[in-house]
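Structure, as structure tokens:
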Ligand SMILES: Cc1cc2nc3c(=O)[nH]c(=O)nc-3n(C[C@H](O)[C@H](O)[C@H](O)COP(=O)(O)OP(=O)(O)OC[C@H]3O[C@@H](n4cnc5c(N)ncnc54)[C@H](O)[C@@H]3O)c2cc1C
Ligand SMILES: NC(=O)c1ccc[n+]([C@@H]2O[C@H](COP(=O)([O-])OP(=O)(O)OC[C@H]3O[C@@H](n4cnc5c(N)ncnc54)[C@H](OP(=O)(O)O)[C@@H]3O)[C@@H](O)[C@H]2O)c1
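Protein chains in written order, with this note's numbering: chain A, 1 to 453; chain B, 1001 to 1246.
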């Protein structure tokens, strides 16, 4: 079935032919039929740009391949198919006293998608990316074989697949190490930073006390207030430290109520003024006080309470821009970026600042030590791309890189310079999939895979 | 412990219905052709609901094996089976069936004759036991023949009538026979097909079926509004209906 597909940012929109096999047999048949010039697995479509698109080719939805296969209680290891969502893992395992070892800012992503992007969460400075918790994964490769990959077995393929954006094959399933918790609550300390230097100071001084750490940054504040932000950092709360009122159901999964944005908002609702109002408001309300007990759901997934919030950006959609600067250049890099954003009035609804920890072995994984900034930019004019090109060059100059799973515009030569392990990835890709049976719009745009169709 | 057998357990709707049954405390026997699929599904039900699940091979088209299969199910159930779900089915290709009798035969045999074979064997057991339930997936397509799928429709129509008779026979034994008539459901059977409207999720359909089972209903349209749609469709006089392109 040919449909118009997009990522979460709703830019770009492309025609792809979608398949949705439920059984492994049916999945293998889709691949073996060779009806399409190339195929790409897709999870819940939360990648923002064109990572989960394959224009004119086949897109294989994994959402119905969502079965738990087993749970090793003693080790806390869950085995599941790649289409299982993080939301399902939380629903099933929080009541039993387990939590996700790493989670992005939405729970509506699949395990396969999380591995293919080697996602990070608010605990990257402590725990690294999700691949640190993947005991092993099963990969369906271009020749129709199923390969088990782990840091010990087929290790090169494992490190090409985590963060590999679906280009090594279809991740069928994985074993994920969960972490034990005794309550659903996080004790969160909110700290205001008057400007970027104060934010850096706080991160450097006290980040190690918190398992989770992130800051909301007010992109519109300029001058001496540039980088004005609210740090939100916290730790899991043991059940015995909960107040009486919460002790009855220490491991509940939160309320199910959800708002939906049923239609496209006209883009004007998100123009400069409304963004400014929103940011100022947010800044005021999130002052808070230290030591607030917050349920994990609003703490980790503030946006999930509004389904389809991406429609708020109107029909033309938006881009999410996430970059990381090494520590040495973070200050210079971020200040220039924020100034440019404010000057061009492209600032976003939300900007998130976070300190990253050590780099992992994933060949195309994004995180590296330094500071990462993520923001939304409405796709309202073509000028945006020249602007982002400038920004990309700046990021590269500062020794940083752009996050592929959010990207829709990076140029191939800048990409290659940002990801020094690319050659190693290409070598493995060439071996495992010499005919490029797996490809994507992103892979072709970035020339990630030489000669890809 | 209550036990139910699910035939065609890997079907999209059956997956959801098996989850409803597991949540309701049923021990399950999952039956079908694709062992790998059934094993995955069994694992899922164990992890999510702590269910007691077994897997058993079953090919509807191999009628000679049905008696041994039903006995096997009874063994898996520890001798006491409370219910059976028949959820397998084959939509087939109407155009092909018009040209190639093998396709027509496969549609009819999967959706009708094989059901007669296996349901009679279960009926024998439930009649003796004098309680239990049989939940069988027919279709709204069986309510009226249309050019786009009348081979499938006639097989499902035959199945619906067979179930009326079976219900009549088993009523005095206190056995519930539930005919399920789904409208369009979002499964592999319909994915990517043209003309799909008012498509329901398998989860919603499973919940509807479960409610009907518990209420002791005889026939249920899921979602419920299909009852009214089909009443309308059936009311159109044949001389008008034949000219419509449906
Ligand atoms: C609100 C929001 C907040 C986010 N916050 C974060 C964050 O904090 N940290 C972070 O790291 N990311 C974050 N993300 C990005 C998101 O975690 C990733 O894009 C993730 O990959 C999406 O998973 P998905 O299941 O939706 O995959 P899709 O978007 O469908 O696909 C993403 C990529 O994974 C590949 N893929 C999917 N399934 C498979 C499979 N079974 N086998 C092989 N390849 C596969 C696709 O080919 C594609 O390249 C956020 C996204 C949103 C919308
Ligand atoms: N989906 C709809 O819109 C819809 C509408 C009305 C009625 N229905 C009916 O509802 C029931 C479930 O439908 P669904 O959409 O969930 O089906 P589905 O996902 O297409 O699955 C059909 C199942 O039937 C099994 N099957 C086919 N032939 C078989 C055989 N000879 N022996 C054993 N198993 C066999 C298949 O097994 P394999 O995996 O081994 O192939 C598959 O698991 C069917 O009876 C269908 O006719 C569906």
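Ideal placement from N, C-alpha and C gives every residue a C-beta, glycine not left out.
Please list the terminal residues of the continuous beta strand (DSSP E) segment that includes residue i.
i, result
"residue 1164 of chain B", "Where residue 1164 of chain B is concerned, there is no enclosing beta strand (DSSP E), although the alpha helix (DSSP H) it sits in stretches over 1150-1170."
"residue 1221 of chain B", "1219-1222"
"residue 1133 of chain B", "1132-1137"
"residue 174 of chain A", "170-177"
"residue 1027 of chain B", "1027-1032"
"residue 1086 of chain B", "1083-1086"
"residue 1181 of chain B", "1175-1182"
"residue 405 of chain A", "Element bounds for residue 405 of chain A: n/a, residue is neither H nor E."
"residue 352 of chain A", "351-356"
"residue 320 of chain A", "318-325"
"residue 148 of chain A", "146-149"
"residue 1057 of chain B", "1053-1057"
"residue 17 of chain A", "13-19"
"residue 294 of chain A", "292-295"
Just to confirm, are residue i and residue j a CB contact at a threshold of 8 Å?
i, j, result
"residue 1086 of chain B", "residue 1136 of chain B", "yes"
"residue 148 of chain A", "residue 138 of chain A", "yes"
"residue 1192 of chain B", "residue 1 of chain A", "yes"
"residue 319 of chain A", "residue 379 of chain A", "yes"
"residue 1041 of chain B", "residue 1060 of chain B", "no"
"residue 1057 of chain B", "residue 1089 of chain B", "no"
"residue 360 of chain A", "residue 326 of chain A", "no"
"residue 179 of chain A", "residue 41 of chain A", "no"
"residue 167 of chain A", "residue 429 of chain A", "yes"
"residue 1155 of chain B", "residue 1112 of chain B", "yes"
"residue 1217 of chain B", "residue 1178 of chain B", "yes"
"residue 1130 of chain B", "residue 1195 of chain B", "no"
"residue 458 of chain A", "residue 7 of chain A", "What the structure shows of chain A is the stretch from 1 to 453, and residue 458 of chain A is not part of that stretch, so it cannot be assessed."
"residue 442 of chain A", "residue 50 of chain A", "yes"
"residue 133 of chain A", "residue 86 of chain A", "no"
Tell me which residue opens and which closes the alpha helix (DSSP H) that residue i is part of.
i, result
"residue 1001 of chain B", "Neither: residue 1001 of chain B is in no alpha helix (DSSP H) and is coded neither H nor E."
"residue 124 of chain A", "124-127"
"residue 161 of chain A", "155-161"
"residue 432 of chain A", "422-432"
"residue 1073 of chain B", "1066-1076"
Quick check on residue i: buried or exposed, where buried means 16 or more other Cβ atoms within 10 Å of its Cβ?
i, result
"residue 84 of chain A", "buried"
"residue 274 of chain A", "In this predicted model, residue 274 of chain A has a pLDDT of only 48, less than 50, meaning its place in the structure is not dependable; the value taken from the coordinates is given anyway. Residue 274 of chain A is exposed by the Cβ-count criterion."
"residue 1066 of chain B", "buried"
"residue 1099 of chain B", "exposed"
"residue 153 of chain A", "exposed"
"residue 268 of chain A", "Any reading at residue 268 of chain A must be qualified, since the residue scores a pLDDT of 48, below 50, and its modelled position is unreliable; the value itself is stated next. Exposed, because fewer than 16 other Cβ atoms sit within 10 Å of the Cβ of residue 268 of chain A."
"residue 21 of chain A", "buried"
"residue 1009 of chain B", "buried"
"residue 1223 of chain B", "buried"
"residue 164 of chain A", "buried"
"residue 1120 of chain B", "exposed"
"residue 398 of chain A", "buried"
"residue 204 of chain A", "exposed"
"residue 1044 of chain B", "buried"
"residue 1138 of chain B", "buried"
Judging by CA-CA distance, which residue of the options is the nearest neighbour of residue i?
i, options, result
"residue 1245 of chain B", "B:1147, B:1162 and B:1102", "B:1147"
"residue 125 of chain A", "A:181, A:356 and A:255", "A:356"
"residue 1219 of chain B", "B:1120, B:1042, B:1168 and B:1112", "B:1168"
"residue 309 of chain A", "A:15, A:46, A:34 and A:42", "A:46"
"residue 255 of chain A", "A:109, A:202 and A:90", "A:90"
"residue 214 of chain A", "A:328, A:191, A:14 and A:86", "A:191"
"residue 196 of chain A", "A:92, A:336, A:359 and A:171", "A:336"
"residue 376 of chain A", "A:408, A:189, A:305 and A:20", "A:408"
"residue 209 of chain A", "A:198, A:229, A:414 and A:233", "A:233"
"residue 1212 of chain B", "B:1228, B:1232 and B:1176", "B:1176"
"residue 113 of chain A", "A:200, A:193, A:62 and A:34", "A:62"
"residue 244 of chain A", "A:293, A:205, A:204 and A:229", "A:293"
"residue 1140 of chain B", "B:1199, B:1015 and B:1002", "B:1199"
"residue 1105 of chain B", "B:1078, B:1126 and B:1152", "B:1152"
Going by the DSSP bridge assignment, what does residue i pair with across the sheet?
i, result
"residue 68 of chain A", "A:80"
"residue 192 of chain A", "A:230"
"residue 376 of chain A", "A:320"
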